[in-house]
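Engineer: Protein chains in written order, with the numbering used here: chain A, 622 to 1098; chain B, 622 to 1098.
Have a look at this one.
Protein chains: 2
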Amino acid sequence: MKHPNRSDLAPFFEAQSVALIGSLREGEGEGEAYWVIHNMLQLGYRGAIYPVNPSYTQAHGIKAYPSVLEVEGPIDLAMIITPPVTVAAIVEQCARKGIRAVIVGTEGFAEASEDGARLQRELVGLARTLGVRLLGPNTIGTLNTRTNLTTNQYLIGYNGIKSGNIAYGSQTGFIGAQGQPLEDRAYPVSKMCDFGNKCDLDEADLLDYLRDDPDTDVIAIHLEGVNEGQRLMQALRRTTPDKPVVVFKTARTEPGARASASHTGSLAGKEEVYDSAFRQCGAVVVHTLQEYWDVPKIFAYQPLPRGNRLAMTTPTGGVGVMATDAAVRAGLTIAQLSDSTLEKLARLSDKLNKNPVDLGPTMVLTDQPLAVYQNSITALLEDEGVDCVTLILYAGAIGSIDETVGMVAGVRQRRSKPVTVWVYGTSMSMREEMARRFEGMGLPTYVDLETAVKAHGLAAQYARYREEVSRMAGTES
Amino acid sequence: MKHPNRSDLAPFFEAQSVALIGSLREGEGEGEAYWVIHNMLQLGYRGAIYPVNPSYTQAHGIKAYPSVLEVEGPIDLAMIITPPVTVAAIVEQCARKGIRAVIVGTEGFAEASEDGARLQRELVGLARTLGVRLLGPNTIGTLNTRTNLTTNQYLIGYNGIKSGNIAYGSQTGFIGAQGQPLEDRAYPVSKMCDFGNKCDLDEADLLDYLRDDPDTDVIAIHLEGVNEGQRLMQALRRTTPDKPVVVFKTARTEPGARASASHTGSLAGKEEVYDSAFRQCGAVVVHTLQEYWDVPKIFAYQPLPRGNRLAMTTPTGGVGVMATDAAVRAGLTIAQLSDSTLEKLARLSDKLNKNPVDLGPTMVLTDQPLAVYQNSITALLEDEGVDCVTLILYAGAIGSIDETVGMVAGVRQRRSKPVTVWVYGTSMSMREEMARRFEGMGLPTYVDLETAVKAHGLAAQYARYREEVSRMAGTES
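Next comes the structure, spelled out in structure tokens:
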């Protein structure tokens, strides 16, 4: 099946020219369109930028226009951040200019009041008539790390968004570059999208677009409400056989429904129905904000596992026990090491005789702790009965950060098996630095032990789904 | 009921003189007793330190003795880190010297082999005969932030352990100052204890000791195995009416049982039985390492809630929805704000009309965002229908860190209600700095949103238990 919306969605991410319509007033907390342009320039967007506001002749030294109709060149995308009552007329101008992609950043529509909801309905009707697609209202719009396009009207404040293969789509501007530690945590981002009020384009459209996006291998979606459940399920079913989709569903925004649900306790039940429906469509369901950000990394950086048998190395037994608990909870099996692996480990040290491989007691006795560590990891990766591996590492204990990172970098991996990392230690900055170094090598590194293990469980679940889908496809053909 | 073991436990934490018996060899990864003394000196222990080793005349410039029997003054506590077969004879010397408290740091006992288990049994028999109490073997022993006593044989590497009112007891050396970010995260620690193999003293003894410890208001216990369930339950029932006890139970260490449990899935069931038993004794049950460290902070810093009705402030609606989800999951009710509170909020802004209080839309419209924020928080705290409050704050958006911290510091709290904080933002170092500043003011600040909310749920559960216990006590009297 073809994706009818692809051409409609493309300009929202791939625009070569963007009009920013709204206040161009300079200064902190001032003109929203001014700050969008600021962010575009700071990230390094190289397309054409058209500030639009009849009261200004320029913004950031770029010529401003009284309306999009005065712009000579073509415009692929318009971002409108003007009061709600003014938006319809501007959309009309955009249509006359030939703009087919419009983001409405402004708040004050359906999320705010009945009047706002009416304005929003009228806007949708108008856009349909004019053949214009809308994103929003009440949104920070889109971001594309390949072209450095951003329509974010809040100060991002840094330019270090790592270009990668995870697309993050959300129903809140909170999950945007201005609110999240994208630079410090170096999430490998392809595209970001805030659906806002989802008056026209929504998560189903985004899935259809991203399914064919060559820059995106993994999709993470945050949802509050679901307007058209069937449509979303169909989009998920089309997407998940090719690309993993991580779904983080939070409660509905409608305050009455939420308050009611909180009192009656019906919320949890509803959420479980959603979770179950998402899983049936092959989605990877997560339940916390940190999981939304972190779980996609295993898919972004690592191959899928061929099963659910986990092996672990740890510098201390107590953590190995905690990791085992987490593994069981995540639906993983603690791998039974083969005789050959046990022999390899025994040659390294008579204290290495089970999984999790507790290297602590050996480390204090050997002259070559890093070599023992490295050979132990290699032995686990070579074991036919091991599908995935979690490395628990200490920042700074056995040699320097450089030595530990070098040890892991030197592991010979003959088979392609997913590996995750958890780093602990006394210094948070050393933990963060080591995490960035490992992710630079393609090893997803987690802020907590439990997620480092759970990520394997979710990947194994997804891998099983993919296998089933492909087996069924084989049966049908 | 009196606590028969108090005098037995006291020297393990309150020793004025300590003998360190073991290798005094200098250098990284060398003599364990050498490193214990290093750590004592670095933390600033002011009691008498007696290095004991017949091959040395001094360690760190402190006179060394061939045996404890040669020491002139009294010795309150001995830490033995010598090969397993040598330990019994040294314990005998300790007894002759009048030492009644001995920590056996050495590995290689019951956790390692059958021979080790036999040695351990013999050691326990000997100690009972001699009237000596043992902690360990296979332990890093104790730590006391009031006297700076530590028996840790690994390099701690910093001296910034914050003195506070949480005692952390664990069954693994991993949960020690040398492995955890106690300085960076500024956990307010009174005492720490690693039970190790628990051949003699265990978590029940520790509870009985800490119950009367004036420096400790909250107790966090990590357990792998439970040797004497009834004894532990009794100790919990004695302790929890006075002090909250947070319990983090991980799987049994016996690898066969663990492997079997992993295959059969019986582990989860067993753990639930434990959880349920702990809760019946008033314990606060947590399930992750981060919760073990972080949940006690709400009890350490804040009063108990009078109910489970939560109010929240947030700079953005999307996070409010996530916090609401977390609250419902944690057994909390979303507080219905009173008419009076709603009027107060309406006077601040017509956009402030529900809980969670979403301050975002108002912030961009007002000249005095911090005053609006502050007055909103005060209004929530004054509402009779609000039992606890979570503040969601952004590091750096509305004014500087100083301004945001100052705003919170200036909140007028007429009623004493627990408050927790979650800080988000683009910069991890700013988030960490703001968290430390808030905790300096006594506001527990969490690394994830969900725990900031869940902590209230656990505190409410504990408060209910305390009320029931005191009501039943009232009925009986």
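Quick reminder that beta carbons are idealized off the backbone N, C-alpha and C, glycines included.
Model, not experiment: these values are computed from the prediction.
#1: Cβ atoms of T727 (chain A) and P695 (chain A): under 8 Å apart, would you say?
#2: Return the residues of the segment 799 to 817 of chain B that lie within a Cβ-Cβ distance of less than 9 Å from chain A, sorted by chain order.
#3: Would you mind sorting A710 (chain A) into buried or exposed? The rule is 16 or more other CB atoms within 10 Å of its CB.
#4: Residues of chain B with CB under 7 Å from Q911 (chain A), in chain order?
#5: Can you tell which of A:L770, A:A699, A:R930, A:G762 has its C-alpha closest to the C-alpha of N818 (chain A)?
#6: Can you pull the chain B neighbours of Y779 (chain A), defined as C-beta to C-beta under 7 Å?
#7: From T1011 (chain A) to I796 (chain B), what distance separates their C-alpha atoms?
#8: Check the C-beta distance from D815 (chain B) over to G794 (chain B) and give it rounded, since I have them as a contact under 8 Å.
#9: What are the start and end residues of the beta strand (DSSP E) that includes C1009 (chain A)?
#10: Quick check: V949 (chain B) and V905 (chain B), are their CB atoms within less than 8 Å of each other?
#11: What does I796 (chain A) touch in chain B if you count any residue whose Cβ is under 8 Å from its own?
#12: Relative to the C-alpha of Q1082 (chain B), which residue among B:L953, B:L1002, B:S959 is closest?
#13: DSSP on K566 (chain A), reduced to helix/strand/coil?
#14: Comparing C-alpha positions only, which one of B:Y655, B:I1013, B:V1074 sits nearest to Y1045 (chain B)?
#15: Can you list, in chain order, the residues of its chain whose CB lies under 6 Å from that of Q741 (chain B), leaving out five sequence neighbours each side?
#16: Which complete alpha helix (DSSP H) runs does the segment 797 to 885 of chain A hold, if anything under 4 residues is left out?
#17: Taking DSSP's pairing of strands, which residues face S791 (chain A) in a bridge?
#18: Are any of the Cβ atoms in chain B nearer than 8 Å to that of V985 (chain A)?
#19: Answer yes or no: does any C-beta atom of chain C fall closer than 8 Å to that of G650 (chain A)?
#20: Hey, is G741 (chain B)'s beta-carbon within less than 8 Å of any beta-carbon in chain A?
#21: Would you grab the beta carbon distance between L803 (chain A) and I787 (chain A) for me? Rounded to a whole angstrom, and I think it's under 8 Å.
#22: Does the Cβ of N773 (chain B) have 16 or more other Cβ atoms within 10 Å, making it buried, or fewer, making it exposed?
#23: So V692 (chain B) and I701 (chain B) are in contact, right, with Cβ under 8 Å, and what is the actual spacing, rounded?
#24: Are A716 (chain A) and V753 (chain A) close, meaning C-beta to C-beta below 8 Å?
#25: Using a Cβ cut-off of 8 Å, pull out every chain B residue sitting near P924 (chain A), in sequence order please.
#26: Helix, strand or coil for M1093 (chain A), going by three-state DSSP, please let me know.
#27: Using beta-carbon positions only, say whether D1008 (chain A) and P926 (chain A) come within less than 8 Å of one another.
#28: Pop quiz: A944 (chain A) and K1075 (chain A) are said to be a contact at Cβ under 8 Å. What is the actual Cβ separation, rounded to whole angstroms?
#29: Which residues does DSSP list as the beta-bridge partners of W914 (chain A)?
#30: Please determine, among B:L770, B:V725, B:L910, B:L776, the residue with the shortest C-alpha to C-alpha distance to V1068 (chain A).
#31: Give me the chain B residues within the contact set of Q792 (chain A), using Cβ-Cβ distance strictly less than 8 Å, ordered along the chain.
#32: In its own chain, which residues sit with a C-beta less than 6 Å from the C-beta of M854 (chain B), not counting the 5 before and 5 after it?
#33: Please classify R879 (chain A): is it buried, with 16 or more other beta-carbons within 10 angstroms of its beta-carbon, or exposed?
#34: Please give me, in chain order, every unbroken run of the alpha helix (DSSP H) with length at least 4 that falls completely inside the segment 677 to 765 of chain B.
#35: Quick check on the DSSP output: the alpha helix (DSSP H) that includes R1058 (chain A) runs from which residue to which?
#36: Could you check what DSSP says for R930 (chain B) in three-state terms: helix, strand or coil?
Structural biologist: Looking at the atomic coordinates:
#1: Contact flag unset, no.
#2: Those residues of the segment 799 to 817 of chain B that come within reach of chain A (Cβ to Cβ, closer than 9 Å) are Q799, G800, Q801, P802, L803, E804, D805, R806.
#3: Exposed is the call here.
#4: Within chain B, the residues near Q911 (chain A) are D1069.
#5: Taking only the C-alpha atoms, the option nearest N818 (chain A) is A:G762.
#6: Within chain B, the residues near Y779 (chain A) are T1047.
#7: The alpha-carbon of T1011 (chain A) is positioned some 20 Å away from that of I796 (chain B).
#8: Right, their Cβ atoms sit about 5 Å apart.
#9: For C1009 (chain A), the enclosing beta strand (DSSP E) stretches over residues 1009 to 1015.
#10: Between V949 (chain B) and V905 (chain B), the C-beta gap is not smaller than 8 Å, which leaves the two residues out of contact.
#11: Under the 8 Å cutoff, chain B gives G939.
#12: Measuring C-alpha to C-alpha distances from Q1082 (chain B) to each of B:L953, B:L1002, B:S959 identifies B:L953 as the nearest.
#13: Nothing in the structure corresponds to residue 566 (chain A), since chain A is present only between 622 and 1098.
#14: Out of B:Y655, B:I1013, B:V1074, the CA that lies nearest to the CA of Y1045 (chain B) is found in B:I1013.
#15: Excluding its 5 nearest sequence neighbours in each direction, Q741 (chain B) has C-beta neighbours in its own chain below 6 Å: F730, A731, C820, listed in chain order.
#16: The alpha helix (DSSP H) runs of length 4 or more contained entirely in the segment 797 to 885 of chain A are, from start to end of the chain, 803 to 806, 824 to 832, 850 to 860, 876 to 885.
#17: As a beta-bridge residue in DSSP terms, S791 (chain A) pairs with A:D815.
#18: Judged by the 8 Å Cβ criterion, V985 (chain A) is in contact with chain B.
#19: Protein chains in the displayed structure are A and B, and chain C is not among them.
#20: Sequence inspection shows Gln at residue 741 (chain B); the Gly mentioned does not correspond to that position. Answer no: the Cβ-Cβ gap between Q741 (chain B) and chain A never drops below 8 Å.
#21: Not a contact, Cβ separation roughly 11 Å.
#22: Burial call: buried.
#23: Contact between V692 (chain B) and I701 (chain B) is ruled out by a C-beta separation of about 14 Å, above the 8 Å threshold.
#24: For A716 (chain A) and V753 (chain A), yes; Cβs fall inside 8 Å.
#25: Result: empty, since nearest Cβ-Cβ is about 24 Å, beyond 8 Å.
#26: Collapsing the DSSP output to three states places M1093 (chain A) in a helix.
#27: Contact: yes.
#28: Their Cβ separation, rounded to whole angstroms, is 10 Å, which puts A944 (chain A) and K1075 (chain A) out of contact at 8 Å.
#29: Per DSSP, W914 (chain A) has no beta-bridge partner at all.
#30: The residue with the shortest Cα to Cα distance from V1068 (chain A) is B:L910.
#31: Against Q792 (chain A), the close residues of chain B are G939, in the order they occur along the chain (beta-carbon pairs closer than 8 Å).
#32: So the qualifying residues of the chain are C902.
#33: Residue placement at R879 (chain A) cannot be trusted, given a pLDDT of 48 that sits under 50; the coordinates are not used to answer.
#34: Correct list: 705 to 718, 735 to 751.
#35: Per DSSP, R1058 (chain A) belongs to the alpha helix (DSSP H) from 1049 to 1061.
#36: Secondary structure of R930 (chain B) (DSSP, three-state): strand.
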